[in-house]
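Student: For the record, the sequence lines run as chains A and B.
For the first sequence, numbering that gives the first Met the number 0 assigns the number 0 to the initial residue and increments by one for each residue that follows.
For the second sequence, numbering that gives the first Met the number 0 assigns the number 0 to the initial residue and increments by one for each residue that follows.
Ideal Cβ positions, reconstructed from N, Cα and C, are used throughout, including at glycine.
What follows is a single structure, and I will ask about it in a moment.
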Amino acid sequence: MSETKSFNAKDLSEIEKLTAKYPEKQAAVLPVLWYAQDKFGHVDPSVQKLVAQTMDLPEALIYGVVTFYTQFYEKPMGKHVLDVCTCLSCQICGGYDILHYLEEKLGIKAGETTPDGKFSIQSVECLGACAYAPMLQVTNDKYVNHLTREKVDQLIEDLKAGKQPGFESNKMPQHENGSD
Amino acid sequence: MPEIFIDNKRYEFEQPGKVLQFMLDNGLDLPFFCYHPSLSIPANCRQCMVKAGMPVFDKVKGTFELDENGERVIRYFPKLMTACSLDLADGMVVHTHHSDELVKQAQADNLEFILINHPLDCPICDQAGECPLQILTYKYGPEGSRFEHKKVHKPKAIQLGPRVILDAERCINCTRCVRFTDEISKTHQLTIISRGDKNYPMTANGKVFDDPYSLNTVDICPVGALTSADFRFKARVWEMNQTPGIDISNGKGCSTWVWTRDNLVMRITPRFNEAVNDHWMPDSGRLSYRIFNENRISKPWIRPDEKEQVRTTWNNAELTLREELDKVKPPEILVIGSPHASVEDSYAYKAYFKSLGVADFYFLPHVIPGSGDDLLLSDDQAPNTRGIRALGYSEVAGDKLQKLVASGRPKLVFILNDDILDRSDLAPSHLEDAYTVYLGTNHNSTSRAADLVIPITTAVEHAASYINVDGRIQRTVPAKETLYTNRRLNLEMSMGRPDHYGTKFDNWVTDANRIDCIPAWEFITRLNSGSDTFVWESSRRILAEIGKKIPAFQGITYEQMDENNGIQLKLEQDSEVNTI
Numbered sequence: 000m001s002e003t004k005s006f007n008a009k010d011l012s013e014i015e016k017l018t019a020k021y022p023e024k025q026a027a028v029l030p031v032l033w034y035a036q037d038k039f040g041h042v043d044p045s046v047q048k049l050v051a052q053t054m055d056l057p058e059a060l061i062y063g064v065v066t067f068y069t070q071f072y073e074k075p076m077g078k079h080v081l082d083v084c085t086c087l088s089c090q091i092c093g094g095y096d097i098l099h100y101l102e103e104k105l106g107i108k109a110g111e112t113t114p115d116g117k118f119s120i121q122s123v124e125c126l127g128a129c130a131y132a133p134m135l136q137v138t139n140d141k142y143v144n145h146l147t148r149e150k151v152d153q154l155i156e157d158l159k160a161g162k163q164p165g166f167e168s169n170k171m172p173q174h175e176n177g178s179d
Numbered sequence: 000m001p002e003i004f005i006d007n008k009r010y011e012f013e014q015p016g017k018v019l020q021f022m023l024d025n026g027l028d029l030p031f032f033c034y035h036p037s038l039s040i041p042a043n044c045r046q047c048m049v050k051a052g053m054p055v056f057d058k059v060k061g062t063f064e065l066d067e068n069g070e071r072v073i074r075y076f077p078k079l080m081t082a083c084s085l086d087l088a089d090g091m092v093v094h095t096h097h098s099d100e101l102v103k104q105a106q107a108d109n110l111e112f113i114l115i116n117h118p119l120d121c122p123i124c125d126q127a128g129e130c131p132l133q134i135l136t137y138k139y140g141p142e143g144s145r146f147e148h149k150k151v152h153k154p155k156a157i158q159l160g161p162r163v164i165l166d167a168e169r170c171i172n173c174t175r176c177v178r179f180t181d182e183i184s185k186t187h188q189l190t191i192i193s194r195g196d197k198n199y200p201m202t203a204n205g206k207v208f209d210d211p212y213s214l215n216t217v218d219i220c221p222v223g224a225l226t227s228a229d230f231r232f233k234a235r236v237w238e239m240n241q242t243p244g245i246d247i248s249n250g251k252g253c254s255t256w257v258w259t260r261d262n263l264v265m266r267i268t269p270r271f272n273e274a275v276n277d278h279w280m281p282d283s284g285r286l287s288y289r290i291f292n293e294n295r296i297s298k299p300w301i302r303p304d305e306k307e308q309v310r311t312t313w314n315n316a317e318l319t320l321r322e323e324l325d326k327v328k329p330p331e332i333l334v335i336g337s338p339h340a341s342v343e344d345s346y347a348y349k350a351y352f353k354s355l356g357v358a359d360f361y362f363l364p365h366v367i368p369g370s371g372d373d374l375l376l377s378d379d380q381a382p383n384t385r386g387i388r389a390l391g392y393s394e395v396a397g398d399k400l401q402k403l404v405a406s407g408r409p410k411l412v413f414i415l416n417d418d419i420l421d422r423s424d425l426a427p428s429h430l431e432d433a434y435t436v437y438l439g440t441n442h443n444s445t446s447r448a449a450d451l452v453i454p455i456t457t458a459v460e461h462a463a464s465y466i467n468v469d470g471r472i473q474r475t476v477p478a479k480e481t482l483y484t485n486r487r488l489n490l491e492m493s494m495g496r497p498d499h500y501g502t503k504f505d506n507w508v509t510d511a512n513r514i515d516c517i518p519a520w521e522f523i524t525r526l527n528s529g530s531d532t533f534v535w536e537s538s539r540r541i542l543a544e545i546g547k548k549i550p551a552f553q554g555i556t557y558e559q560m561d562e563n564n565g566i567q568l569k570l571e572q573d574s575e576v577n578t579i
């Protein structure tokens with residue numbers, strides 16, 4: 000953490016390209032933060048400061064944006080971040096059961112990272128997949144739906160083995176009878 | 000002319016604008032939190048909702064559609080509109096809570112939402128008494144809350160910066176403070192962090208809210224979320240007297256409210272003045288209230304035979320001064336004016352010595368180059384530099400002043416309220432050979448070097464005018480009693496509740512807060528008693544006399560200044576004070 004972070008020439012040209020897509024540079028804050036998070040794995044205060052300086056925007060603005068979205072990590076996270084939805088639909092379908100099972104299984108609380116740096120758990124608000132509740136998202140990417148304890152066990156095994164969850168086809172209830 | 004119907008009453012408007020501002024300009028009431036006339040309009044508090052609609056226009060017939068009663072058919076917007084962001088339009092019909100039950104309900108419901116996580120700590124909150132949330136809830140809010148769950152708790156008493164303290168729980172996220180730092184002071188130091196019911200304003204990580212205008216956010220905060228570190232827990236709003244004044248800590252002369260309690264100035268806040276400071280003022284001006292309370296010279300002081308200064312009576316001070324004046328010839332008197340003194344004091348001071356035969360009048364400018372900005376701070380640290388220039392005082396640099404004093408020529412030196420020893424190369428030793436008289440408000444290095452010290456009133460104790468760096472003359476109103484003034488007798492002074500209903504024997508009354516001092520012009524009148532010239536009864540008379548003698552001041556009265564928040568003068572030398 001003590002080493003100073005910086006963007007190299009390639010990063011700067013990428014950021015230049017991202018910024019050029021928008022009429023105002025303020026609009027490019029989100030894509031640039033994504034870029035920074037991809038590079039550093041998180042956007043902690045030092046990265047926020049770097050982004051603010053690179054984009055010539057107020058640091059407070061970047062800070063506000065980062066804290067608004069749970070998808071931006073304000074501190075270094077594990078390799079796999081499990082965002083368990085505990086919003087209304089998932090909560091009713093057992094979202095908290097899944098969260099607590101995960102917490103017990105990995106031995107950490109929501110918002111924490113395992114000592115080996117493999118996993119982090121976050122309790123998040125609605126991810127827009129209420130039909131597949133309860134669900135979780137892996138590192139701002141794949142959704143794992145219709146969670147059960149077995150499915151969670153399988154997911155952890157897969158992730159440990161370096162296997163990302165695959166795409167799951169989920170039929171909407173009205174399509175389940177095969178009438179398309 | 001375009002017309003608009005608000006609560007079934009017709010109004011005409013000339014300029015395009017927003018419905019809320021138009022209603023406020025016309026004295027109509029509508030609750031709001033986030034709107035501020037000098038800031039952008041985010042419409043995020045949702046409190047100013049109204050029902051609005053437009054008449055249906057029949058393009059074929061070229062007339063408005065009428066119903067069976069012959070009234071215009073109104074097509075209302077499907078949802079309630081926020082009046083702050085709604086543009087005035089010709090023929091628009093607006094219904095507020097006065098004529099529409101839905102609007103009334105919406106306002107109460109919105110307040111119920113705003114209050115869900117707001118702590119009920121009004122009794123210990125500094126904002127109580129001047130809190131829009133408190134006032135509007137009383138006027139428009141629901142009778143109680145249906146929220147039976149635990150409120151969301153957020154950090155309390157966070158020191159955002161040296162002068163501002165945040166109580167995040169009280170915040171209703173109107174974003175006025177964030178918009179202020181973005182749009183007015185342009186330091187961009189604040190942002191709203193997090194989301195939903197967890198959000199509150201904050202600085203970036205590790206940053207301090209040290210904006211030189213930071214206390215304005217405390218003023219515009221519609222709740223007690225941002226409070227002044229200095230004023231916190233000092234006084235209740237309803238215990239204080241509110242008197243109009245001007246900021247004398249700076250050349251800009253912002254219009255202010257002076258808040259006093261028990262004859263101590265508790266705080267200074269900005270007063271709206273479109274021509275000078277809008278709704279704002281710098282923090283330094285607010286914190287300058289201390290000079291009115293602390294370290295004041297009360298009763299004359301005299302130095303008998305090279306010893307320590309001691310207090311003396313007015314009578315003795317006057318007699319000693321007369322004796323000293325009799326000893327010297329006019330060329331042996333050195334008269335130093337002050338950019339910190341008012342127009343009236345400076346005029347009386349000069350007129351008196353001129354009558355004695357003194358030819359030259361000097362002043363030492365109080366300018367700190369680079370300390371100003373393009374908002375409300377000027378390099379000039381004194382409130383009346385242009386005023387005394389217009390009165391014929393000539394500017395003298397510190398080194399030249401030292402030569403003047405050290406030349407040995409002056410036997411009697413008069414210094415009007417200005418700490419010149421602090422700002423020049425003059426040392427107390429230079430003043431040893433001459434008899435030095437200091438007419439001042441506060442003890443400082445110059446007063447300590449003087450042989451005779453005459454206490455005079457500050458800007459919050461007298462009615463006097465000052466001319467700011469832009470040549471605008473503005474005046475003060477006495478806010479704080481001296482030993483010789485009385486709120487009940489001076490109709491210009493404000494009377495707060497404790498003044499109306501209390502007595503001077505109440506145990507909270509502190510006699511020592513009334514300083515034994517008089518205006519400089521009054522002291523000069525006393526010195527001159529016996530002659531019939533320069534006998535003024537009030538500073539008003541002095542201003543009238545100046546008006547007769549100096550063309551730029553012609554016809555200027557206190558009433559005019561009060562009515563227009565000051566008057567722009569056409570002064571002859573229009574060179575910017577800052578550049579000299």
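(1) Would you please state the rounded distance, in angstroms, between the beta carbons of residue 48 of chain B and residue 81 of chain B? I believe it to be under 8 Å.
(2) Is the Cβ of residue 67 of chain A closer than 8 Å to any Cβ of chain B?
(3) For the structure I just gave you, are there three or more beta carbon pairs, one from the stretch 62-78 of chain B and one from the stretch 202-212 of chain B, closer than 8 Å?
(4) So residue 548 of chain B is in the alpha helix (DSSP H); what residue range does that whole segment cover?
(5) From the DSSP output, read off the bridge partner residues of residue 11 of chain B.
(6) Buried or exposed: which applies to residue 626 of chain B, given that a residue is buried once 16 or more other Cβ atoms fall within 10 Å of its Cβ?
(7) I think residue 181 of chain B touches residue 151 of chain B, with their Cβ atoms under 8 Å apart; what is that distance to the nearest whole Å?
(8) Taking the beta strand (DSSP E) that residue 438 of chain B falls in, what are its first and last residues?
(9) Can you give the beta carbon distance from residue 611 of chain B to residue 496 of chain B, rounded, assuming they're within the 8 Å contact cut?
(10) With residue 288 of chain B and residue 267 of chain B assumed to form a contact (beta carbons below 8 Å), what rounded beta-carbon distance in angstroms separates them?
(11) Drop a sphere of 10 angstroms on the beta-carbon of residue 573 of chain B, count the other beta-carbons inside from all chains shown, and report buried for 16 or more, exposed for fewer.
(12) With 16 other CB atoms within 10 Å as the buried threshold, where does residue 563 of chain B fall?
(13) Can you list the residues of chain A that residue 192 of chain B reaches, using a CB-CB cut of under 8 Å?
(14) Under a CB-based cut-off of 8 Å, is residue 114 of chain A close to chain B?
(15) Does any residue of chain A have a CB that is nearer than 8 Å to the CB of residue 374 of chain B?
(16) With a Cβ-Cβ cutoff of 8 Å, do residue 524 of chain B and residue 507 of chain B count as a contact?
(17) Give me the Cβ distance between residue 64 of chain A and residue 28 of chain A, rounded to the nearest whole Å; I'm assuming they're in contact under 8 Å.
(18) If the cut-off is 7 Å on Cβ atoms, which residues from the stretch 170-197 of chain B count as contacting chain A, listed in chain order?
(19) Assuming residue 114 of chain B and residue 95 of chain B are in contact, meaning their beta carbons sit under 8 Å apart, how far apart are those beta carbons, in whole angstroms?
(20) Mark residue 21 of chain A as exposed unless 16 or more other C-beta atoms lie within 10 angstroms of its C-beta, in which case mark it buried.
(21) Determine the chain A residues that contact residue 202 of chain B at a beta-carbon separation under 7 Å, and present them in chain order.
(22) Quick one: give me the first and last residue of the beta strand (DSSP E) that residue 141 of chain A is part of.
(23) Answer with buried or exposed for residue 576 of chain B, where buried requires no fewer than 16 other C-beta atoms within 10 angstroms of its C-beta.
(24) In angstroms, rounded to a whole number, what distance separates the CA positions of residue 127 of chain A and residue 38 of chain A?
(25) For a quick check, are the C-beta atoms of residue 472 of chain B and residue 382 of chain B less than 8 Å apart?
(26) Identify the contact partners of residue 206 of chain B in chain A, using a Cβ-Cβ distance below 9 Å as the criterion.
(27) At a threshold of 7 Å, does residue 225 of chain B count as lining the ligand GTP (C-beta to nearest heavy atom)?
(28) Determine the burial state of residue 154 of chain A: buried for a count of at least 16 other Cβ atoms within 10 Å of its Cβ, exposed for fewer.
(29) Is the shortest distance between the beta-carbon of residue 47 of chain A and the beta-carbons of chain B less than 8 Å?
(30) At which residue ranges does the stretch 75-108 of chain B contain complete beta strand (DSSP E) runs of 3 or more residues, listed in the order of the chain?
(31) Contact criterion: CB-CB distance below 8 Å. Does residue 44 of chain A meet it with respect to chain B?
(32) Going by the DSSP bridge assignment, what does residue 590 of chain B pair with across the sheet?
(33) Count the other C-beta atoms from every protein chain shown that fall within 10 angstroms of the C-beta of residue 154 of chain B, then say buried if there are 16 or more, exposed otherwise.
(34) Here's the rule I'm using: 16 or more other beta-carbon atoms within 10 Å means buried, otherwise exposed. How should residue 322 of chain B be labelled?
Tutor: Let me lay it out:
(1) 6 Å
(2) yes
(3) no
(4) 538-548
(5) Per the DSSP secondary-structure output, residue 11 of chain B pairs in a beta bridge with B/2.
(6) Because residue 626 of chain B is not part of the residues shown, which for chain B are 0 to 579, the question remains open.
(7) That pair is no contact at about 26 Å.
(8) 434-439
(9) Because chain B is modelled from 0 through 579, residue 611 of chain B falls outside the range shown and cannot be assessed.
(10) 5 Å
(11) Here residue 573 of chain B scores only 46 on pLDDT, less than 50, and its place in the model should not be relied on; the value that follows carries that caveat. Classification of residue 573 of chain B: exposed, given that the 10 Å Cβ count is below 16.
(12) So residue 563 of chain B counts as exposed.
(13) 62, 63, 66, 67
(14) no
(15) no
(16) Not a contact, by the Cβ cut-off of 8 Å.
(17) Right, their Cβ atoms sit about 5 Å apart.
(18) Shown in chain order are the members of the stretch 170-197 of chain B whose Cβ falls below 7 Å from a Cβ of chain A: 187, 188, 189, 190, 191, 192, 193, 194.
(19) About 21 Å; that fails the 8 Å criterion.
(20) exposed
(21) 59
(22) 141-143
(23) Note on residue 576 of chain B: pLDDT 38, under 50, position unreliable in the model; no value is reported.
(24) Spanning the two alpha carbons is a distance of roughly 27 Å.
(25) no
(26) Ordered by position in chain A, the residues that pass the 9 Å Cβ test against residue 206 of chain B are 58, 59, 62.
(27) Only the bare structure without any ligand can be found here, which leaves the ligand GTP out of the picture.
(28) Taking a 10 Å sphere around the C-beta of residue 154 of chain A, we find 16 or more other C-beta atoms and assign the residue as buried.
(29) yes
(30) 91-94
(31) yes
(32) Because residue 590 of chain B is not part of the residues shown, which for chain B are 0 to 579, the question remains open.
(33) exposed
(34) The residue in question, residue 322 of chain B, is exposed, as its Cβ has fewer than 16 Cβ neighbours within 10 Å.
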